[in-house]
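Numbering (numbering that gives the first Met the number 0) for the sequence shown: 0 to 322. Below is one structure; the comments refer to it alone.
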Amino acid sequence: MNKAICSSIIDAVGHAPVVDLSRLTADIDGHILAKLEYLNPGGSKKDLIARAIIQSAEDNGLLQPGQTVLEVTSGNTGNGLAMICAVKKYPFIAVMSRGNTPERAAMMRAMGATVVLVEQSDPKEGVTGDDMKRVEDIADELAAKHNAFRADQFKREENSQAHYEHTGPEWLRQTDGNIDAFCDFVGTGGGFAGVARAFKEHNPDIGCYIVEPHGAAKLAGACITCCAHVIQGGGYGKDLPLINHDHVDGHLTVDDGEVTEVTRRLAKTEGIFAGYSSGANIAAAYQLLRGDFKGKTIAVNICDSGLKYLSTDLWGDELSTPA
Ligand SMILES: Cc1ncc(COP(=O)(O)O)c(C=O)c1O
Numbered sequence: 000m001n002k003a004i005c006s007s008i009i010d011a012v013g014h015a016p017v018v019d020l021s022r023l024t025a026d027i028d029g030h031i032l033a034k035l036e037y038l039n040p041g042g043s044k045k046d047l048i049a050r051a052i053i054q055s056a057e058d059n060g061l062l063q064p065g066q067t068v069l070e071v072t073s074g075n076t077g078n079g080l081a082m083i084c085a086v087k088k089y090p091f092i093a094v095m096s097r098g099n100t101p102e103r104a105a106m107m108r109a110m111g112a113t114v115v116l117v118e119q120s121d122p123k124e125g126v127t128g129d130d131m132k133r134v135e136d137i138a139d140e141l142a143a144k145h146n147a148f149r150a151d152q153f154k155r156e157e158n159s160q161a162h163y164e165h166t167g168p169e170w171l172r173q174t175d176g177n178i179d180a181f182c183d184f185v186g187t188g189g190g191f192a193g194v195a196r197a198f199k200e201h202n203p204d205i206g207c208y209i210v211e212p213h214g215a216a217k218l219a220g221a222c223i224t225c226c227a228h229v230i231q232g233g234g235y236g237k238d239l240p241l242i243n244h245d246h247v248d249g250h251l252t253v254d255d256g257e258v259t260e261v262t263r264r265l266a267k268t269e270g271i272f273a274g275y276s277s278g279a280n281i282a283a284a285y286q287l288l289r290g291d292f293k294g295k296t297i298a299v300n301i302c303d304s305g306l307k308y309l310s311t312d313l314w315g316d317e318l319s320t321p322a
């Protein structure tokens, strides 16, 4: 068969293009380069780790044919796992806080997954660390009941390894290594850890910055005052074992207002329809360009698709704008 034909959707994961956001940086001295991870078939950067975790579990005998796979997810890793499990015929159970958008749950169900939604302590607020703890407890019970393989993205090295082997080297090839800094909003921290490791090995002078929400900047050492932010997929205010702190040059925080504004502007001026965490990365990149990295080139990932946020306030105002 022609090598250009994928044997399954799994082969279509990765190799997202990089775009110079020159329209967004027209008034600023410097460049923001954006890698469009939302173009992955499951709509996010997490397809890559879903593929890596399942492949490794098969290779190491941790996952047997027909065994149930189970994961705690804000939805994106679940979308990736649902896709891989559909192709490989593993039953998949996603355990998710109701605070994440229903679009992700619908996607997973469409691909045959069972989605268990766990109520939040305050449905009007974002997903907090306590909410995540409750989700974990239910996942533990279900994993035991179904003798399931836990994908365990917060702990498994395959998470950061996938970004180390793929996202990081792709970035270096696509830019000829011409990157001065990288900033990344952290959920599991796997994306930051893998890319930062690849960048530091290539050139230790590339600055690598962790992005967290105001009020939940745990890794920055700040007091956790409020985990109820809009940025789904991270900012849980917990320690992240995958991160190598030797690769962290600094910490940046972003607030809901600027993240929402930048995510909307990204869609309007660059035609890139993404979710909140992508806006968080760009808002943080602006901070770098306004500070020590004036005139330099900043790398950011566009983590997931704006289609996953149609039910949120992100596009609410935009949808009601009169013609
Ligand atoms: C939309 C989105 N952005 C950012 C992240 C954080 O990525 P990582 O887990 O690699 O830190 C996630 C993780 O699930 C996510 O879903």
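All C-beta atoms in this analysis are idealised placements derived from N, C-alpha and C, irrespective of residue type, glycine included. Note that this is a predicted model, so its numbers are computed, not measured.
Close Cβ partners of residue i (< 7 Å) along its chain, the five nearest in sequence each way excluded
i: Gln160; result: Ala51 and Gly193
i: Asn300; result: Lys34, Glu36, Lys44, Asp183, Gly190 and Asn280
i: Glu135; result: Val71
i: Asn177; result: Thr296
i: Val229; result: Gly125, Asp255, Val258, Thr259 and Tyr275
i: Leu309; result: Glu102
Other residues of its chain near residue i: CB distance less than 6 Å, five sequence neighbours each side excluded
i: Glu157; result: Ala51, Ile52 and Ser55
i: Gly206; result: Ala180 and Asp248
i: Gly294; result: Asp28 and Gly29
i: Ala11; result: Cys5 and Pro40
i: Ser7; result: Val86
i: Ile297; result: Ile31, Ala180, Ala284 and Leu287
i: Pro16; result: Leu35
i: Leu38; result: Ala15
i: Lys340; result: Residue 340 lies beyond the range of the chain shown here (0 to 322); nothing can be said about it.
i: Met106; result: Asn78
CB contact below 8 Å: residue i versus chain B
i: Arg289; result: The chain inventory of the structure shown lacks chain B, comprising one protein chain alone.
Burial state of residue i, where buried means 16 or more other Cβ atoms lie within 10 Å
i: Asp118; result: The question names Asp, yet the displayed sequence has Glu at residue 118. Classification for Glu118: exposed.
i: Ile4; result: exposed
i: Asn99; result: buried
i: Gln63; result: exposed
i: Cys84; result: buried
i: Asp130; result: buried
i: Ser277; result: buried
i: Ala283; result: buried
i: Ser304; result: buried
i: Gly315; result: exposed
i: Cys226; result: buried
i: Asp14; result: It should be pointed out that residue 14 corresponds to His in this sequence rather than to Asp. Per the 10 Å Cβ criterion, exposed.
i: Thr224; result: exposed
i: Glu140; result: exposed
i: Cys302; result: buried
i: Ala365; result: Here the chain has residues from 0 to 322 only, and residue 365 is not among them.
i: Met354; result: For residue 354 there is no data in the structure shown, the boundaries of the chain being 0 and 322.
i: Gly188; result: buried
i: Gly65; result: exposed
i: Ala142; result: buried
i: Arg172; result: exposed
Contacts around residue i, its chain only, beta-carbon distance under 8 Å, and the 5 residues preceding and following it disregarded
i: Ile27; result: Tyr285, Leu288 and Arg289
i: Thr67; result: Tyr89, Pro90, Phe91, Ile92, His145, Asn146, Ala147 and Phe148
i: Pro122; result: Arg97 and Gly98
i: Arg196; result: Ser159, Tyr163, Gly167, Asn243 and His246
i: Ile137; result: Val94, Val115 and Val117
i: Met82; result: Ile8, Ile9, Pro40, Gly41, Asp46, Ala49 and Met110
i: Gly60; result: none
i: Thr174; result: Val17, Leu32, Thr296 and Ala298
| message | Counting beta carbon pairs with one atom in the stretch 233–253 and one in the stretch 210–217, are three or more of them shorter than 8 Å? | response | The stretch 210–217 is in contact with the stretch 233–253.
| said: Is it the case that the stretch 40–50 contacts the stretch 75–82, given that we only count it when at least three CB pairs across the two stretches are under 8 Å? | reply: Contact between the stretch 75–82 and the stretch 40–50 is present, because at least three Cβ pairs lie under 8 Å.
| task | Taking only runs that begin and end inside the stretch 29–77, name each unbroken alpha helix (DSSP H) of 4 or more residues, in chain order. | result | Whole alpha helix (DSSP H) segments, 4+ residues: 46–58.
| task | Note down, one range per segment and in chain order, each alpha helix (DSSP H) of at least 4 residues found wholly within the stretch 104–155. | result | The stretch 104–155 contains these whole alpha helix (DSSP H) runs: 128–145.
| query | Using 8 Å as the Cβ pair cut-off and three pairs as the minimum, do the stretch 87–96 and the stretch 66–73 touch? | reply | When Cβ pairs closer than 8 Å are counted between the two stretches, the stretch 87–96 is seen to touch the stretch 66–73, the count reaching three or more.
| Looking at C-beta atoms only, is the number of pairs between the stretch 262–277 and the stretch 13–23 that lie closer than 8 Å three or more? | Touching, yes, given that three or more Cβ pairs across the two stretches are closer than 8 Å.
| query | Whole beta strand (DSSP E) runs in the stretch 181–215 with 3 or more residues, listed along the chain? | reply | Those beta strand (DSSP E) runs which fall completely within the stretch 181–215 and span 3+ residues are 206–212.
| task | Any chance you could list the alpha helix (DSSP H) runs of at least 4 consecutive residues sitting entirely within the stretch 232–317, in chain order? | result | List check, alpha helix (DSSP H) in window: 255–269 and 275–289.
| task | Entirely within the stretch 8–32 and at least 4 residues each: give me those alpha helix (DSSP H) ranges in chain order. | result | Counting only runs of 4 or more, we get nothing.
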